[in-house]
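Asks: The working numbering numbers the first residue of the sequence shown as -11 and each following residue consecutively.
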Amino acid sequence: MRLIFKYAKLFIYSWFFCIAFLLLIGGVISTVSFLSKGEFNFPVEQIHRAIFFGFVGGSAISLAAIIFRGLDWYRARKVKIKPDD
């Protein structure tokens, strides 16, 4: 049961990180646009896009971490046979 909570926290943290990172990138691009053109444009669609792609990216990161952990666990349990010379 603890493992499920750890994986749930991993999903939540990766979602939060990806969404925050994409919003930060959008803010930087809007700031550069403000400095060059004189108007600050951060549309609502950009926020929706950042949330959607943040969920997709965070899920991919978490699933990759879970799969690689499972593969490492499986490989560690294998019995290693040494050939006799």
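Even glycine gets a Cβ: it sits at the ideal position worked out from N, Cα and C.
If you compare alpha carbons, which of 36, -10, 63 is closest to residue 14?
Replies: Ranking 36, -10, 63 by CA distance to the CA of residue 14 puts 36 first.
Asks: Label residue 3 either buried or exposed according to how many other C-beta atoms from any shown protein chain fall within 10 Å of its C-beta, with 16 as the threshold for buried.
Replies: buried
Asks: If we ignore side chains and look at the alpha-carbon of each, how far apart do residue -11 and residue 8 end up?
Replies: Using only the alpha carbons, I get a separation of about 29 Å.
Asks: Specify, as a first and last residue, the run of the alpha helix (DSSP H) that residue -6 falls within.
Replies: -10 to 25
Asks: Taking the alpha carbon of residue 10 as the point to measure from, which residue in 57, 45, 27, 21 has its own alpha carbon closest?
Replies: 45
Asks: Using DSSP with H/G/I as helix, E/B as strand and the rest coil, what is residue 69?
Replies: coil
Asks: With a threshold of 16 other CB atoms inside 10 Å of the CB of residue 50, please say whether the residue is buried or exposed.
Replies: buried
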